[in-house]
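Those protein sequence lines, which keep their order, are chains G and P. Residue numbers for the first sequence follow this note's numbering, so the first one is 22 and each next one is one higher. Residue numbers for the second sequence follow this note's numbering, so the first one is 10 and each next one is one higher. Below: one structure, written as structure tokens.
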Amino acid sequence: MFDYELLKIIWWLLVGVLLIGFAVTDGFDMGVLSLLKIVGKTDNERRVMLNTVGPHWDGNQVWFITAGGAIFAAWPIVYAVAFSGLYWALLLVLFALFFRPVGFEYRSKIETARWRNNWDWLLTAGSAIPALVFGVAFGNLFLGLPFTIDADLRSYYEGSFWQLLSPFAILCGLVSVIMLAMHGAVFLQMRTEDDVYLRSRSVAQITALATFVLFILAGIWVYFMPGMDIVDIKTTAGVVTPLQKTVVEVESGWFANYGKYPLFMLAPVIALVSLLATAFLSKLNKPGFAFTFSSIAIAGIILTAAFSLFPFIMPSSINPSVSLTMWDVVSSQKTLNIMLWVAIIFVPIVLSYTLWGYYKMWGRVSTKFVEDNKFGTY
Amino acid sequence: MGDESGYELGDVQKTKLAAIEAEWETHEPPAAFTLIGFPNEETQTTDAALQIPYLLGLIATRSITEEVTGIKDLIVEHEDRIRSGIGAYGLLEQLRAGDESEETKAAFEDVKDDLGYGLLLKRIRDDIENATDEEIKAAAKSTIPAVAPMFWTFRIMVGLGVLMLTLIGLSFYFATRHTAEKQTWLLKALLICLPAPWIACEMGWFVAEFGRQPWSIGEVLPTALSASTRSEADIWMSLTGFIVFYSGLLVVEMYLMFKFARLGPSALHTGRYHHEIESHEGGAPLTNAGAH
Numbered sequence: 022m023f024d025y026e027l028l029k030i031i032w033w034l035l036v037g038v039l040l041i042g043f044a045v046t047d048g049f050d051m052g053v054l055s056l057l058k059i060v061g062k063t064d065n066e067r068r069v070m071l072n073t074v075g076p077h078w079d080g081n082q083v084w085f086i087t088a089g090g091a092i093f094a095a096w097p098i099v100y101a102v103a104f105s106g107l108y109w110a111l112l113l114v115l116f117a118l119f120f121r122p123v124g125f126e127y128r129s130k131i132e133t134a135r136w137r138n139n140w141d142w143l144l145t146a147g148s149a150i151p152a153l154v155f156g157v158a159f160g161n162l163f164l165g166l167p168f169t170i171d172a173d174l175r176s177y178y179e180g181s182f183w184q185l186l187s188p189f190a191i192l193c194g195l196v197s198v199i200m201l202a203m204h205g206a207v208f209l210q211m212r213t214e215d216d217v218y219l220r221s222r223s224v225a226q227i228t229a230l231a232t233f234v235l236f237i238l239a240g241i242w243v244y245f246m247p248g249m250d251i252v253d254i255k256t257t258a259g260v261v262t263p264l265q266k267t268v269v270e271v272e273s274g275w276f277a278n279y280g281k282y283p284l285f286m287l288a289p290v291i292a293l294v295s296l297l298a299t300a301f302l303s304k305l306n307k308p309g310f311a312f313t314f315s316s317i318a319i320a321g322i323i324l325t326a327a328f329s330l331f332p333f334i335m336p337s338s339i340n341p342s343v344s345l346t347m348w349d350v351v352s353s354q355k356t357l358n359i360m361l362w363v364a365i366i367f368v369p370i371v372l373s374y375t376l377w378g379y380y381k382m383w384g385r386v387s388t389k390f391v392e393d394n395k396f397g398t399y
Numbered sequence: 010m011g012d013e014s015g016y017e018l019g020d021v022q023k024t025k026l027a028a029i030e031a032e033w034e035t036h037e038p039p040a041a042f043t044l045i046g047f048p049n050e051e052t053q054t055t056d057a058a059l060q061i062p063y064l065l066g067l068i069a070t071r072s073i074t075e076e077v078t079g080i081k082d083l084i085v086e087h088e089d090r091i092r093s094g095i096g097a098y099g100l101l102e103q104l105r106a107g108d109e110s111e112e113t114k115a116a117f118e119d120v121k122d123d124l125g126y127g128l129l130l131k132r133i134r135d136d137i138e139n140a141t142d143e144e145i146k147a148a149a150k151s152t153i154p155a156v157a158p159m160f161w162t163f164r165i166m167v168g169l170g171v172l173m174l175t176l177i178g179l180s181f182y183f184a185t186r187h188t189a190e191k192q193t194w195l196l197k198a199l200l201i202c203l204p205a206p207w208i209a210c211e212m213g214w215f216v217a218e219f220g221r222q223p224w225s226i227g228e229v230l231p232t233a234l235s236a237s238t239r240s241e242a243d244i245w246m247s248l249t250g251f252i253v254f255y256s257g258l259l260v261v262e263m264y265l266m267f268k269f270a271r272l273g274p275s276a277l278h279t280g281r282y283h284h285e286i287e288s289h290e291g292g293a294p295l296t297n298a299g300a301h
């Protein structure tokens with residue numbers, strides 16, 4: 022049995038890995054669909070785009086469910102506070118996601134322009150809206166969410182959906198949408214030909230540079246906002262609830278970790294370098310390498326957020342001392358231990374068949390292929 | 010499988026079993042099984058009950074000597090546990106306040122299994138240590154789900170199960186004699202029974218979920234405490250959203266289903282279906298065969 026404190030750190034990392042896995046895999050199909058109207062100019066071109074992600078998008082989306090499931094099992098209090106606090110934001114994500122499976126299945130069933138155009142918009146919304154909301158949610162973690170917890174550990178959320186849409190949170194939402202659009206564009210560059218290839222190549226360069234600028238902007242903004250610090254916690258090694266600590270606000274507090282743990286600096290540096298590399302390699306017609314770097318950039322951006330907040334997960338704006346941290350929201354040691362073994366055994370199995378799926382479905386999708394198989398493709 | 014669930018239920022979910030079977034009293038073993046009747050919540054009796062002797066005892070305990078605890082006795086038992094749970098909650102408060110003495114810990118260990126029962130009072134008042142006798146009795150009564158809905162949904166589920174098995178048996182019998190298509194009454198019955206598996210599932214779901222009330226986690230976490238603190242309006246709005254959304258999808262789905270069912274599989278142009286198959290020996294294509 023692993024030490025409880027170590028398990029808490031391992032699970033903080035594992036949830037991060039799952040979120041990165043979600044952003045890197047589901048991220049590119051969300052990006053592709055967000056660009057449906059921008060990169061795809063004709064019906065056949067849009068079908069090409071749909072068919073590049075058609076065999077993979079639902080498998081990728083399982084990362085999202087896995088991340089949700091892991092949070093439920095490893096951080097039950099975070100799950101409870103986030104899912105009831107951010108009720109309408111998450112329902113908006115859910116309802117937007119509903120349009121993806123039906124959009125894929127229904128769009129090509131009827132050949133009228135109106136039918137297809139409507140589904141194109143719904144598919145775009147079904148990908149861009151979740152990407153936006155995830156970014157907005159991350160932004161709100163830095164600002165703190167308006168929740169508190171009573172003595173029976175029940176959470177009360179005092180805010181509304183509209184309050185989530187503050188300027189900083191919207192900036193984070195834009196980082197998320199444009200970052201995933203970059204990832205999708207680079208993916209399209211790998212998997213398409215001709216006009217779609219050329220258009221996705223320019224979009225990839227623009228979005229990579231835009232992400233670079235917006236990410237720095239968000240960083241500057243965070244520097245000028247107050248962060249939080251734990252001044253007194255009952256224990257980090259044993260059982261502790263979110264009510265057993267004291268938290269204070271600190272000027273530029275979300276930058277404090279980079280002074281304490283200089284290695285954390287690697288995350289933003291690697292993110293920024295990778296964004297430039299993505300734009301450059303995309304221009305050089307090396308989409309395979311560009312995709313590798315855009316994946317690394319996404320991981321770097323998510324880790325930057327995680328490292329800045331560490332050990333906080335969900336800070337509370339109205340009662341900072343009940344903020345949720347990775348020390349005090351975890352399941353029992355036994356649960357974390359069992360789940361760790363389950364993860365060690367099953368994650369490689371899942372990864373191997375996922376990779377096999379990509380291997381079997383690899384290759385470029387052309388407009389000719391879609392035309393020749395117009396009754397059998399998406 | 011039914012036997013296994015019945016035994017399991019009698020073992021760990023005594024309350025659910027008592028409600029399903031409308032067992033108001035603890036009888037001399039082995040208990041009789043009430044096939045049908047009208048459970049009356051007010052008088053705590055089942056009117057016009059038709060009973061099969063011994064059967065419930067056999068199902069729930071696999072013996073003719075063990076008791077099946079009745080609802081009235083369960084309520085008395087639960088009242089004691091609620092009183093003990095109030096004590097457990099008080100000790101927990103002491104522990105939370107920083108009392109780390111061994112006596113407090115040991116005292117809490119003794120009664121911690123009843124903590125959930127104490128928490129049942131939270132639905133009635135926040136300061137549960139001041140609960141009145143009446144409030145404790147009301148909480149004890151709330152540990153038993155309403156009997157009539159449980160009794161009926163369970164019987165509808167089992168009844169449909171028996172009906173479906175009978176229909177399968179009859180269909181199998183006639184199919185082996187190659188006369189199934191001539192039994193029009195059977196074919197009609199099968200058509201009418203199309204929703205039966207779905208209704209049976211819903212009834213079973215109801216028995217499972219309604220039957221474990223007032224608990225989210227049996228005897229540990231009351232539903233009232235585990236539910237989110239969102240407002241009722243939020244829940245109504247999201248539920249309405251789901252209903253509207255899914256109804257919209259149903260319309261689109263049905264439109265496409267009817268459209269493509271009419272077109273037939275050859276609308277896919279795979280070259281594999283009727284009207285488009287060329288014979289394997291290289292003979293004349295069967296296209297337009299239907300027109301002759």
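Beta carbons: idealized from backbone N, C-alpha and C, even for Gly.
Within chain G, no C-beta atom comes nearer than 7 Å to that of L124(P); the closest sits roughly 11 Å away. Here DSSP, grouped into helix, strand and coil, assigns L264(G) to coil. Residues of chain P with a Cβ closer than 7 Å to the Cβ of K130(G) are, in chain order, L265.
With fewer than 16 neighbouring CB atoms inside 10 Å of its own CB, N306(G) falls in the exposed class. One alpha carbon belongs to G220(P), the other to T24(P), and they sit about 8 Å apart. By alpha-carbon distance to A116(P), the top candidate from D243(P), Q103(P) and P204(P) is Q103(P). The criterion of a C-beta distance shorter than 8 Å is not satisfied by G79(P) and E17(P). Setting aside the 5 residues that flank it on each side, F215(P) is surrounded in the same chain by P158 and T162, each with a C-beta closer than 8 Å to its C-beta; the list follows chain order. DSSP places Y399(G) outside both helix and strand once states are collapsed to three, so it counts as coil. Under DSSP, the beta-bridge partners assigned to G248(G) are V271(G).
Around the CB of R212(G), 16 or more other CB atoms lie within 10 Å, so the residue is classed as buried. Residue-level contact check: T249(P) does not touch chain G, since none of the beta carbons of chain G fall below 8 Å from its beta carbon.
Spanning the alpha carbons of D135(P) and E179(G) requires a straight line of approximately 21 Å.
With a threshold of 16 other beta carbon atoms within 10 Å, E228(P) meets it and is buried. For A40(P), the three-state secondary structure derived from DSSP is coil. As DSSP reads the structure, T346(G) sits in a beta bridge with F333(G). Secondary structure at N394(G): coil, using DSSP grouped into helix, strand and coil.
By the Cβ rule, the stretch 117-134 of chain P does not count as touching the stretch 176-190 of chain P, because fewer than three pairs are nearer than 8 Å. The DSSP-derived three-state label of N306(G) is coil. Look at L195(P) here: in three-state DSSP terms it is helix. Nearest to N278(G) by alpha-carbon distance, out of I359(G), I227(G) and G248(G), is G248(G).
Under the three-state reduction of DSSP, W96(G) is assigned to coil, being neither helix nor strand. Around the beta carbon of Y244(G), a 10 Å sphere encloses fewer than 16 other beta carbons of the protein chains shown; the residue is thus reported as exposed. Under the Cβ distance rule, V261(P) counts among the residues neighbouring chain G, one pair being separated by less than 8 Å. Chain P has no Cβ within less than 8 Å of the Cβ of S338(G).
Each residue's CA atom was taken as its position, placing L28(G) and D216(G) some 50 Å apart.
Judged by DSSP in its simplified three-state form, Y282(P) adopts coil rather than helix or strand.
F23(G) and R68(G) have their C-alpha atoms roughly 50 Å apart. Per the C-alpha coordinates, the member of Y379(G), Y399(G), S352(G) and G397(G) positioned closest to I31(G) is S352(G). The criterion of a C-beta distance shorter than 8 Å is satisfied by A152(G) and V198(G).
Within chain P, not a single residue places a beta-carbon under 7 Å from that of V234(G); the smallest gap is close to 37 Å. For the stretch 205-227 of chain P, the beta-carbon criterion of a distance under 9 Å to any beta-carbon of chain G is satisfied by none of its residues. Pairing F267(P) with A276(P) gives a Cβ-Cβ distance that is not under 8 Å. For S352(G), none of the residues of chain P pass the 7 Å Cβ criterion, the least Cβ distance being about 14 Å. Put simply, the backbone Cα of F155(G) is about 13 Å away from that of I319(G).
Three or more Cβ pairs closer than 8 Å define a contact, and the stretch 33-41 of chain G meets that threshold against the stretch 90-105 of chain G.
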